[in-house]
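Q:
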Amino acid sequence: LGLVYGGAQVGLMGQVADAVLAGGQKVVGIIPQSFAHKVSHAGLTQLHVVDSMHTRKAMMFELAGACIALPGGFGTLEELTEVLTWAQLEFHKKPIGLLNINGYYDALLAFFDHAVLAGFIKPKHLQLLIVEDDPTKLLLRLQEYTPPAQSKWTD
Numbered sequence: 041l042g043l044v045y046g047g048a049q050v051g052l053m054g055q056v057a058d059a060v061l062a063g064g065q066k067v068v069g070i071i072p073q074s075f076a077h078k079v080s081h082a083g084l085t086q087l088h089v090v091d092s093m094h095t096r097k098a099m100m101f102e103l104a105g106a107c108i109a110l111p112g113g114f115g116t117l118e119e120l121t122e123v124l125t126w127a128q129l130e131f132h133k134k135p136i137g138l139l140n141i142n143g144y145y146d147a148l149l150a151f152f153d154h155a156v157l158a159g160f161i162k163p164k165h166l167q168l169l170i171v172e173d174d175p176t177k178l179l180l181r182l183q184e185y186t187p188p189a190q191s192k193w194t195d
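Residue numbers (this note's numbering): 41 to 195.
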């Protein structure tokens, strides 16, 4: 399976990288130069040091087979909504998962439902997000994912 992620040794992303490495899987990190000397993970299979956050996100997306958001802050929210927007615009067909551990994302999911009711998000676009509270179930659903049929995003 492996992991493509932000390349840091700190926080939840560092713990996930360590767990994947301990399981004998490949871990590829992509980190901006400005952070590399401070927080990069030294034990990765590969580490790409790039010039910007934009380049980092583009490379992570290019190398990954799916996108998964774990509990996080503004950066996680920005990355999640960006890949959802790309899927909505049919720029990609990769599965997008949200791991909602202990209801962490309940308020965000309620907001998404509110945005659907208010007419700002189409129900079919909200269905692009696969939500689970169990990591094993989430991975299974991502592996079983079938992209929706092509349709104009404005429909």
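A virtual CB, placed ideally from N, CA and C, is assigned to each residue, including glycine.
1) Is the region 135-146 touching the region 169-178, taking contact as three or more C-beta pairs under 8 angstroms?
2) Could you work out which residue in PHE75, GLY64, VAL56 is closest to ALA109 when comparing CA atoms only?
3) Grab me the residues of PRO188's own chain with a C-beta within less than 8 angstroms of its C-beta, minus the 5 sequence neighbours each way, in chain order.
4) On the CB-based measure, 16 or more other CB atoms within 10 Å of its CB, does LYS97 come out buried or exposed?
5) At which residues does the alpha helix (DSSP H) containing ALA155 begin and terminate?
6) What's the gap between the Cα of PRO135 and the Cα of GLN49?
7) Give the DSSP-derived three-state secondary structure of ILE161 in the structure shown.
8) If you draw a straight line from the alpha carbon of HIS77 to that of MET53, how long is it in whole angstroms?
9) Chain D beta carbons: is any one of them nearer than 8 angstroms to that of ASP91?
10) Since HIS81 and GLY63 are thought to touch, with beta carbons under 8 angstroms apart, how far apart are those beta carbons, to the nearest angstrom?
A: Inspection of the coordinates gives the following:
1) yes
2) VAL56
3) LYS164, GLN167, LEU168
4) buried
5) 146-157
6) 26 angstroms
7) coil
8) 17 angstroms
9) Chain labels in this structure do not include chain D; a single protein chain is all it has.
10) In fact, because the Cβ distance is near 15 angstroms, the residues do not count as touching under 8 angstroms.
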